[in-house]
Every structure is written in C-alpha cells, then in structure tokens.
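Let me begin by presenting the structure, written as structure tokens, before commenting on it.
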Amino acid sequence: YIKMGNDNKSKIVPIPIPNVFSRLKECVFPDDREAILDFLEMMDINLTDPKRGALSMQQFKDCDGIIILIKLMKKMVEDATFVQLAIQVLELVKTSVPLMMDFIQFGGLDLLEKAIRVHSKDDIIALEAPKCLRYIVAVGAKVTVAEIKKEEVNLQMCSHCAEIIERAKRPQFSTIELKIPKSSDRINRVLKFMDNYIQRVDVVIAGLDAVVTYTKNPDASSTIRDTTVFTVLGRAYTSHSQNTAIIWRLCLAFSIIAMLNPESAADIARLDIHEPMVTNFKAFHTQPMAQQQILNLFAAYIRGGPKSRTMIHKSNVVMSFLKEFITTRDEAYQAEQLKRRAEDDDIMHFEIAIPLAIRTFMRETKGEVLVEGGKKKKTTIEVKQRRNFGEKPVFGTVNDIYSKGEAGLISGGPEELAAASNQQERDWESALTYGKKK
3 YIKMGNDNKS KIVPIPIPNV FSRLKECVFP DDREAILDFL EMMDINLTDP
53 KRGALSMQQF KDCDGIIILI KLMKKMVEDA TFVQLAIQVL ELVKTSVPLM
103 MDFIQFGGLD LLEKAIRVHS KDDIIALEAP KCLRYIVAVG AKVTVAEIKK
153 EEVNLQMCSH CAEIIERAKR PQFSTIELKI PKSSDRINRV LKFMDNYIQR
203 VDVVIAGLDA VVTYTKNPDA SSTIRDTTVF TVLGRAYTSH SQNTAIIWRL
253 CLAFSIIAML NPESAADIAR LDIHEPMVTN FKAFHTQPMA QQQILNLFAA
303 YIRGGPKSRT MIHKSNVVMS FLKEFITTRD EAYQAEQLKR RAEDDDIMHF
353 EIAIPLAIRT FMRETKGEVL VEGGKKKKTT IEVKQRRNFG EKPVFGTVND
403 IYSKGEAGLI SGGPEELAAA SNQQERDWES ALTYGKKK
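Under this note's numbering, think of the first position of the sequence shown as 3, with each following residue one higher.
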C-alpha cells in the first residue's frame, strides 16, 4: 500500500497490480520472505474479490503472472507457507485454459509434484495439491488433444501443398515468401505433447493417430530423421504395453516407418521392443487387430533392411515364437479346412494372416537362430585343369626347325662390327650449334 495526499487529507491506497508485476517480471525478487508472501496474499485477495476478480484475472494474464509464480516456486518450493499460498492462487486461476497451458509449458507440473513430495507430511498440501494437479493435467490434456487434432489435419499435406493452399487463401501475398511450418516441425510439436502426457491414454492415442497420418505424408521419408518419433513412441510402448488401442496404432506407425528406409528400420529395432511384444502377444488373444499389427511389424523388420532383419534373426525368443506360431496356425488351418469340406463350405474365415515376408524368412533360415560371432565354414570347390602345362609342344619349336649357321661366312662377329661403328667419325656433330656463341 502507498500513502497519497497531504497529512490532513491523506489516504492509503493499494499499489496497482501492474506496477507490482512489472517489478517482479524484471527478476527483482526481494530476499525478504515476508515480502513474497505479502505478494501472494495480495493476489489471493484481489482474485477473490467479486468486484475486482475479473479485472485482477486479466491483469494476471497480461503481466505474465504464471511465469512469475513459477519463478517464485523454483526459489521457495521448500517453504510450506509459500506452497499453500501458491496453491490458493492456482485454484483461483485454474479456470483459465491459457494460464493453465502456460503453467504446464513452463514446467509448473514438475514443481507441483516436487512440492507434494517435499511436503508429504503437511496435511493441507497433501490434500489440496494433488487435486489441483489432477485438475490442471485434465485441462491440459483436453486442450492438448484438440491441438493434436488440428496438427493431424495439417499433416495430411506435404509442405508444397500447404504452401499452395496458403497462397490461394492469401492472394495479396503471392509475391512474398510465405513461411510454412515443415512437416517435421508439426510432428515434433505433437510428439512434445505426447511426451508431456505420456501417461494419458487419450493424449497418446490422439498422438499416434497423428503419427500414422505423418508417415503417409510424402515428406516423411526425408524428414523422419529430424523428429523424435523413435524415442517418444518407445516410451509410449513402455508405459502402455498392455493397452490394445495403443499397441495396434504404435505397431502400424512403426511398420510404415520401417519401410521408409533401412536406417529407420534399424532405429526401431534398437528400441528392443520385439521381444516384449512376443511376451505380450498372447495377452491380445481376444484382439486380433493388435496381434495382426504385431506380425506386420515383424514383417517390416524383415523387409526393412539388413540390420533390422539381423535383430530378428538373432533373437531366440522371436524365432521360437514365429516357428511355433506358423506351425500352430497351419495345423489349425488344415483342421478347419477338413471341417469346411465336410460341411461343403468353401469360404474360409481367418482373423489373423501370417505375412508372406515372415513365411519366406522362416523358410530361408529354416527357423534357426543366427549365432553372433560365428564363422562360416569355408567350402573349397575343385576345378578341373583345362590343360597339362607340363607337356611338350606337339609340332616342335623354332630351334628344331632352324639350325645354327656355318662359321666364317661373315667376316667378324657382332662385337667387332659394333666396335668399328664406334670408331667412325661423327661429322654431323660438328654441325651442331648447341652451347656455341653466335
């Protein structure tokens, strides 16, 4: 509060809230604990006032009150009194969706969870903080799903198509370069939402639908390496390995990604989710959709590239499962076929089909596990010689036809002729002018 007027006609009025926020926004935090608590109490009074509640809420938004509150929480999260007042302020502003989204975006959830852990023995905090946390998470999840749905619509188009549509909407900017978000940026935003709400089933399902849409985008093959899709989807599987709705979507997305390029297939294989999927395969016996997508994912591993194929080939768990599953399905198919023939019914209805790539792979490998580090035996092939190189010429040689000449027919031998030629005068050397002055 401040005193305004002379001594006789003075009055005490509260400091305008924007002035207080402007000082705190500049990070001029007082070291006095009581001053910070007074600030929170002032916000609590103004927000609960029926006459000033709407105005105080708007001022809280305009002055970045949530950011200031988070900075104070980082400084005084171990103070029980401060945490109680901060929770009261959050309860008063939690109806504002933009404020709650800012609170989530700037790490408020982690601070609130930390406050719950630190003050687990405080009755007020233990009662009010979890309720506030659940409400904020629910509000954020609802908004997040809506944002993911918007991005999913945009991910149906490549960047070139999106630019054409934007230019058609804004003909006045036809000569100006438009900045269209890349497909990788859009999917990274979706993956960030998923990562923040990895425990929320509705958010993960919406995110996986957007990822499947992105994998069918023409930009996916060139931008998939610029995303965090492998890490986030791996965490999603770890958190929801028993959820049918998530598993079949995740396997569908990974199956398409593995066929984009061998590097993507290898990155998926390095997540080491193929063996846990085999373990949980029987848990989806009433959900053939999930089982079929798991088999399609294994087929994508085999077709995706040599590294992912080798990961499947080295796994004793996967190879044993595929061998047993193919044998069991073939026996069941034959029994069903005999039954249908007996009933004169030629229509076969099977819920799960084993992909051709898996059958081909098992036939080529004979169901044997690849031993890591094993050396293949060298096989030597005997090649018959085309001829006997030690045999003598059949028609003789030059030495057999031409004999040595008679001695004395030519005067002097080759050595004498060479010496005589060297003794002859070289008249042409005198005509050379090299090195002589003219």
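For each residue, glycine too, the CB sits at the ideal point set by N, CA and C. What you are looking at is a predicted structure, and each value in this text was computed from that prediction instead of being measured.
- By the neighbour-count criterion, in which a residue is buried when 16 or more other Cβ atoms sit within 10 angstroms of its Cβ, residue 208 is buried.
- Under a 10 Å Cβ-count criterion, residue 167 is classified as exposed, with fewer than 16 other Cβ atoms of the shown protein chains found around its own Cβ.
- Per the C-alpha coordinates, the member of 94, 154, 331, 293 positioned closest to residue 138 is 94.
- Judged by DSSP in its simplified three-state form, residue 401 adopts helix.
- Residue 217 sits away from residue 248, with the two beta carbons spaced by 7 Å or more.
- In the structure shown, residue 219 adopts coil according to DSSP, grouped into three states.
- The Cβ-Cβ distance between residue 189 and residue 246 does not fall below 7 Å.
- When the Cα atoms are used, residue 112 and residue 296 turn out to be separated by approximately 35 Å.
- With a cut-off of 8 Å on Cβ pairs, the region 321-337 is not in contact with the region 383-396, counting fewer than three such pairs.
- At the C-beta level, residue 105 and residue 150 stay beyond 7 Å of one another.
- The distance from the Cβ of residue 238 to that of residue 206 is about 5 Å, consistent with a contact at the 8 Å cut-off.
- Taking one beta carbon from each stretch, the region 294-313 and the region 355-362 have 3 or more pairs nearer than 8 Å; the two touch.
- Three or more beta-carbon pairs separated by less than 8 Å are not found between the region 142-157 and the region 118-132, which leaves the two stretches without contact.
- Just so you know, the alpha carbons of residue 386 and residue 398 end up roughly 27 Å apart.
- The Cβ-Cβ distance between residue 155 and residue 116 does not fall below 7 Å.
- By alpha-carbon distance to residue 35, the top candidate from 267, 270, 75, 369 is 75.
- Residue 199 sits buried, since 16 or more C-beta atoms from the chains shown fall within 10 Å of its C-beta.
- If you look at residue 236, you'll find it in the alpha helix (DSSP H) that goes 231-241.
- Distance from the CA of residue 81 to the CA of residue 109, rounded to the nearest whole angstrom, comes to 19 Å.
- A Cβ-Cβ distance of about 7 Å is found for the pair residue 263 and residue 223, placing them in contact under the 8 Å criterion.
- Its Cα nearest to that of residue 147, the residue 192 stands out among 161, 192, 125.
- Close CB contacts of residue 84 within its chain, under the 6 Å cut and outside five residues either way in sequence, are with 78 (chain order).
- From the listed residues 44, 160, 20, the smallest Cα separation to residue 219 is found for 160.
- Residue burial annotation: residue 287 is exposed, with fewer than 16 other C-beta atoms found within 10 angstroms of its C-beta.
- Boundaries of the alpha helix (DSSP H) around residue 107: 99-107.
- Boundaries of the alpha helix (DSSP H) around residue 256: 246-260.
- Under the three-state reduction of DSSP, residue 278 is assigned to helix.
- Cβ neighbours of residue 279 within its own chain (closer than 7 Å, five residues either side excluded): 296.
- With fewer than 16 other Cβ atoms from the protein chains shown falling within 10 Å of its own Cβ, residue 437 counts as exposed.
- Under a 10 Å Cβ-count criterion, residue 257 is classified as buried, with 16 or more other Cβ atoms of the shown protein chains found around its own Cβ.
- Counting along the chain, residue 298 sits inside the alpha helix (DSSP H) bounded by residues 290-306.
- Residue range 161-171 is occupied by the alpha helix (DSSP H) that includes residue 162.
- Taking a C-beta distance under 7 Å as the contact criterion, residue 120 and residue 46 do not qualify as a contact pair.
- In chain order, 161, 164, 165, 168 place their CB closer than 8 Å to the CB of residue 182, counting only its own chain and leaving out the 5 sequence neighbours on each side.
- Residue 197 is a Cβ neighbour of residue 234, given a cutoff of 7 Å.
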